[in-house]
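Engineer: According to UniProt numbering, the sequence shown holds residues 1 to 527 in order. Take a look at the following structure, please.
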Amino acid sequence: MCGIWALFGSDECLSVQCTSAMKIAHRGPDAFRFENINGFTNCCFGFHRLAIVDQLYGMQPIRIKKFPYLWLVYNGEIYNHQTLKERFEFTDYQTKVDGEILLHLYERFGIQKMASLLDGVFAFVLLDTANRKIFLGRDTYGVRPMFKLLTDDGFLAVCSEAKGLTDITHSMSTPPKITPFLPGHFEVFDLKPTGKVVSIQMDRFHCCTQEPNHAAYDTVERLPSGFVPETVKSNIRSLFENAVRKRLMAHRRIGCLLSGGLDSSLVAATLVKLAKEEKLKYPIQTFAIGAEDSPDILAARKVASYIGSEHHEVNFTPEEGLKAVEEVIFHLETYDITTIRASVGMYLVSKYIREKTDSVVIFSGEGSDELTQGYIYFHKAPSPKAAAEDSVRLLKELYLFDVLRADRTTAAHGLELRVPFLDHRFTAYYLSLPEEMRQPKDGVEKHLLRDSFKGLNLIPDEILWRRKEAFSDGMTSIKKSWYNSLQDQMESEVFLYLYLLWIPISSCQSSSYSSWGPAKLRQFIQF
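Okay, here's the thing in C-alpha cells:
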C-alpha cells in the first residue's frame, strides 16, 4: 500500500504542494519523494512508499535508462509481472519492482493493451514526456484508490485519497469537484506547454463479467469446461487457491484478518497451507477483534487452532470504538453510516497489527459476499437472474463501500491489503456460471462456495456451514452489539444537541456557549 500524488498545470507554491502531498503520508511510512519534472512547467509527483517488493530499488517515480522519457507512479501489485516479462522477452530490466512491467508493456503495446494485460490491483499515473501524454488507470474493482481533480481550464491533480487534494483550491474561483477515478478504466490527457491538460480519451479496459486478457498467459492449467457440478467445484477450488498463491508475492511478513466467518476462514486456511508449501520462513499470523464473549472471536479462535496459525486477539469495548469514530471518518472520507460502523473494528485491529507485530501484508475476505451472493436478502430475490444482476451491481460498487473500508482502515496504519476473492480470473469464472447454480440453496447463502470445499477438512465443518449474522462486524457481544452501542451513543448526543439548541441565550454565561449547541447539531446532521 503506497500513496501517489501528482499535479499538472498548478501554480501553487511549493509549501502548499508539499503540505498537500504529506496528507497521505500514513499510506507509505518507509520513504517519501517529491519531484518536479525537469523541463516541464508546473508538473510534479509525490510518492509515499510502503516497501513490499524490491526494498532497495523500488522508490518512485520509476524511470529506467531504456525509456528515460517515461515517468511512473503507481500504488499496487502486478502479480503476473514475471510471467509477462518472460512471455514477451523484455530485456534490460533495471529493478525487481513489479511495476516496471508497465513501462515495457506501454512502450511495446500502448495503453489499452498494457492495462488489459495487468493481473493485479493498481492505480497509476504514467507520464510520456516524448509524446506529451498523461495516462491514468485503476484496477477492475478499485481495490487501490485514486481520486482526480480536473478543472475546466485544464488543471489536473491526482491522489490516492481525496484529502491530498482539498487544499489545492485557493486560486480557483469555485471549488472543483474531487471524484474517485472509475475502476476498470484508463484516461488519456494531452499535456500542454503550460502544464495544463486536455482529456482526449476515457475507456474501459476490463469488466468483471469478462474473462481478462491476461488469462491467456496465466500459469494455471487450462480449466475443464462445462457445468457438471463436480467440475465446477474443482475449478472454483483451483482458481481460489491460485488467487491466494499469487498474492504471496512480498518481501515483508504476511498475516490475515480472521473473523471466524466463512470467507476469512477460507482465506486464512488456504494461506497457511500454501505458506507451508512455499516454505515461508515464518508462521502465518491471524488477527481477530471482538468482545470477549463475541461469537465471531470464539469462532476465529477455533479456526486458528484448527489451521495452526499464530493467532492474536484484540479485545474490543464500545468505549474504544466510540473514541475511534472520528479518526475512522477522517480516513474513510465518507459519512456513510453503515461503512463507518463496519470500519471501526478493522481500523482498531490494523492499529494493533502495526504497533504489536511485524506483519505488513494483510489478507482479508472482502468481495466474497458480493460475488457469491452472501447477503441474507439474496434469499428473497424474485429470480436467479435478478440475484445475478444484483451481484454484479454490488461488485461494481465495491470501490465505494467495502473495498474503500478495507483499504483506508489498513492504509491508515501503513499496512498492505490483499483480497483474493476479487481475483480477476476467479470472479470472471464464478460470474460465468449458470445463474441458478450461484443462488442460495436450501436456505443457505453462498451454497456453491461452501459445497466446493466440503469434505476437504480445510476448515471445520461448523465454520464451513456457519450462517451469516446481521450487523456482524466481528465485534458483537452476546450482551449488546456494537451496532446498538453506536446507536445509543448517537441518540444520546442528538438529545443533548437538541437540548442545547433551545437553551435561551439569556441563560448562557457567554455568547460562545450559546453558539455551541447549534454548531454541534449541524456537525451531527452532517455526520
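From the three backbone atoms N, C-alpha and C, an ideal C-beta is built for every residue, glycine too. Here the structure is a predicted model, which means the values were calculated and not measured.
1) With a threshold of 16 other CB atoms inside 10 Å of the CB of Phe227, please say whether the residue is buried or exposed.
2) Please state whether the Cβ-Cβ distance between Val188 and Val158 is less than 8 angstroms.
3) For Asn42 versus Phe8, is the C-beta distance shorter than 8 angstroms?
4) Starting from Tyr74, trace the beta strand (DSSP E) in both directions and tell me its first and last residue.
5) Measure the C-alpha to C-alpha separation of Asp92 and Leu84 and round it to an integer number of angstroms.
6) Quick one: using the 10 Å Cβ neighbour count with 16 as the cut-off for buried, is residue 529 buried or exposed?
7) Please state whether DSSP places Val197 in a helix, a strand or coil.
8) Please list, in chain order, all residues of the same chain as Thr409 whose beta carbon is under 6 angstroms from its beta carbon, the five residues on each side excluded.
9) Between Arg354, Leu322, Phe363 and His206, which lies nearest to Ala275 when the distance is taken from Cα to Cα?
10) Please name the residue in Glu389, Val325, Gln439 and Val403 whose C-alpha comes closest to that of His379.
11) From Ala216 to Glu86, what distance separates their C-alpha atoms?
12) Under a three-way DSSP split, which group does Thr166 fall into?
13) State the DSSP-derived secondary structure class of Val325, mapped to helix, strand or coil.
14) Per DSSP, which one or two residues make a beta bridge with Trp5?
15) Please classify Asn315 as buried or exposed, where buried requires at least 16 neighbouring CB atoms within 10 angstroms.
16) Considering only C-alpha positions, which residue in the set Leu415, Leu165 and Phe181 is nearest to Lys23?
17) Out of Phe67, Asn235, Tyr306 and Met202, state which residue places its alpha-carbon closest to the alpha-carbon of Asp451.
18) Inspect the CB distances between the stretch 424-442 and the stretch 19-33 and report whether three or more fall short of 8 angstroms.
19) For the alpha helix (DSSP H) containing Arg237, list its first residue and its last residue.
20) For the alpha helix (DSSP H) containing Lys396, name the first residue and the last one.
21) What separation, rounded to the nearest whole angstrom, lies between the Cα atoms of Arg301 and Leu257?
22) Give me, in chain order, the residues of the same chain whose beta-carbon lies closer than 6 angstroms to that of Tyr306; leave out the 5 immediate sequence neighbours on both sides.
23) Starting from Arg63, follow the beta strand (DSSP E) in both directions and report where the run begins and ends.
24) I need the DSSP call for Gln489, collapsed to helix, strand or coil.
25) Report back the beta-carbon spacing between Ile111 and His81 to the nearest angstrom; my notes put them in contact at under 8 angstroms.
26) Report yes or no: do the stretch 281-296 and the stretch 308-324 share at least 3 C-beta pairs separated by less than 8 angstroms?
27) Taking only three categories from DSSP, how would you classify Leu458?
28) Classify Met346 as helix, strand or coil using the three-state DSSP reduction.
29) On the CB-based measure, 16 or more other CB atoms within 10 Å of its CB, does Gln17 come out buried or exposed?
30) Can you give me the Cβ contacts of Lys233 inside the same chain, cut-off strictly under 6 angstroms, excluding the 5 residues immediately before and after it?
31) Answer with buried or exposed for Leu456, where buried requires no fewer than 16 other C-beta atoms within 10 angstroms of its C-beta.
32) Name the DSSP beta bridge partners of Gln285, please?
33) Considering only DSSP beta bridges, list what Arg466 is partnered with.
34) Which whole-angstrom value is the C-beta distance of Val267 and Pro420, which I expect to be below 8 angstroms?
35) Assess contact between the stretch 379-397 and the stretch 325-339, defined as three or more Cβ pairs (one per stretch) separated by less than 8 angstroms. Is contact present?
36) Among the candidates Leu322, Gly3 and Tyr375, whose CA atom is the shortest distance from the CA of Gly367?
Structural biologist: Taking the definition as stated:
1) Residue numbering aside, residue 227 sits at position 227 when the sequence shown is read from its first letter. Exposed, since its Cβ has fewer than 16 Cβ neighbours within 10 Å.
2) For the purposes of this step, residue 188 is taken as residue 188 along the sequence shown, with counting starting at 1. For the purposes of this step, residue 158 is taken as residue 158 along the sequence shown, with counting starting at 1. Taking 8 angstroms as the cut-off, the beta carbon of Val188 is found no closer than this to the beta carbon of Val158.
3) For the purposes of this step, residue 42 is identified with residue 42 of the sequence shown, where counting begins at 1. For the purposes of this step, residue 8 is identified with residue 8 of the sequence shown, where counting begins at 1. Asn42 places its beta carbon less than 8 angstroms from that of Phe8.
4) Walking along the sequence shown from the start, residue 74 turns up at place 74. Per DSSP, Tyr74 is one residue of the beta strand (DSSP E) stretching across Phe67 to Ile78.
5) Stepping through the sequence shown from its first residue, residue 92 is reached at position 92. Stepping through the sequence shown from its first residue, residue 84 is reached at position 84. Cα to Cα, the separation comes out at about 14 angstroms.
6) In this structure the chain extends from 1 to 527, so residue 529 is not present and cannot be described.
7) Locating residue 197 in the sequence shown gives position 197, where the first residue counts as 1. DSSP, read as helix, strand or coil, puts Val197 in strand.
8) Your numbering for residue 409 matches position 409 in the sequence shown. Correct list, in chain order: Ser343, Met346, Tyr347 and Ser350.
9) Reading the sequence shown from its first residue, position 275 is the one you call residue 275. In terms of Cα proximity to Ala275, the closest of Arg354, Leu322, Phe363 and His206 is Phe363.
10) Against the sequence shown, residue 379 aligns to sequence position 379. The candidate whose alpha carbon is nearest that of His379 is Gln439.
11) The sequence position of residue 216 within the sequence shown is 216, counting from 1. The sequence position of residue 86 within the sequence shown is 86, counting from 1. Their backbone Cα atoms lie some 14 angstroms apart in a straight line.
12) Residue 166 sits at position 166 when you count from the first residue of the sequence shown. Of the three classes helix, strand and coil, the one that applies to Thr166 here is coil, per DSSP.
13) Looking up residue 325 in the sequence shown gives position 325. Three-state result, Val325: helix.
14) On the sequence shown, residue 5 is found 5 positions in, with the first residue counted as 1. Gly46 and Cys159, per the DSSP bridge assignment.
15) Taking the sequence shown and counting its residues from 1, the one referred to as residue 315 is at position 315. Exposed, because fewer than 16 other Cβ atoms sit within 10 Å of the Cβ of Asn315.
16) Mapped onto the sequence shown, residue 23 falls at position 23. Measuring from the Cα of Lys23, the nearest candidate turns out to be Leu165.
17) Stepping through the sequence shown from its first residue, residue 451 is reached at position 451. Checking every option, the nearest Cα to that of Asp451 belongs to Asn235.
18) Three or more Cβ pairs closer than 8 angstroms define a contact, and the stretch 424-442 falls short of that threshold against the stretch 19-33.
19) Taking the sequence shown and counting its residues from 1, the one referred to as residue 237 is at position 237. Pro229 to Lys246 is the span of the alpha helix (DSSP H), which, as asked, contains Arg237.
20) On the sequence shown, residue 396 is found 396 positions in, with the first residue counted as 1. Counting along the chain, the unbroken alpha helix (DSSP H) around Lys396 starts and ends at Pro384 to Lys396.
21) Start at 1 with the first residue of the sequence shown, and residue 301 comes out as number 301. Start at 1 with the first residue of the sequence shown, and residue 257 comes out as number 257. As the crow flies, the alpha-carbon of Arg301 is around 12 angstroms from that of Leu257.
22) Start at 1 with the first residue of the sequence shown, and residue 306 comes out as number 306. Result list for Tyr306: Pro460, in chain order.
23) In the sequence shown, the residue the question calls residue 63 occupies position 63. Annotation for Arg63: the continuous beta strand (DSSP E) segment containing it runs Ile62 to Ile64.
24) Stepping through the sequence shown from its first residue, residue 489 is reached at position 489. The three-state secondary structure of Gln489, taken from DSSP, is helix.
25) Looking up residue 111 in the sequence shown gives position 111. Looking up residue 81 in the sequence shown gives position 81. Wrong, their Cβ atoms sit about 17 angstroms apart, outside the cutoff.
26) Under the Cβ criterion (8 angstroms, minimum of three pairs), the stretch 281-296 counts as touching the stretch 308-324.
27) Your numbering for residue 458 matches position 458 in the sequence shown. In the structure shown, Leu458 adopts coil according to DSSP, grouped into three states.
28) Here the question's residue 346 lines up with position 346 in the sequence shown. Reduced to three states, the DSSP call for Met346 is helix.
29) Here residue 17 corresponds to residue number 17 of the sequence shown, with the count starting at 1. Burial is judged here by how many other beta carbons sit within 10 angstroms of a residue's own beta carbon; Gln17 has at least 16 and is buried.
30) Here residue 233 is taken as the residue at index 233 of the sequence shown, counted from 1. Closer than 6 angstroms at the Cβ level, and outside the excluded window around Lys233, lie Ser452.
31) For this step, residue 456 is matched to residue 456 along the sequence shown. Exposed, by the Cβ-count rule.
32) Mapped onto the sequence shown, residue 285 falls at position 285. The beta-bridge partner set that DSSP reports for Gln285 consists of Gly255 and Glu310.
33) For this step, residue 466 is matched to residue 466 along the sequence shown. None; Arg466 has no bridge partner.
34) Here residue 267 is taken as the residue at index 267 of the sequence shown, counted from 1. Here residue 420 is taken as the residue at index 420 of the sequence shown, counted from 1. 6 angstroms between Cβ atoms; contact.
35) No: the two stretches stay apart, fewer than three of their Cβ pairs being nearer than 8 angstroms.
36) Here residue 367 is taken as the residue at index 367 of the sequence shown, counted from 1. The candidate whose alpha carbon is nearest that of Gly367 is Tyr375.
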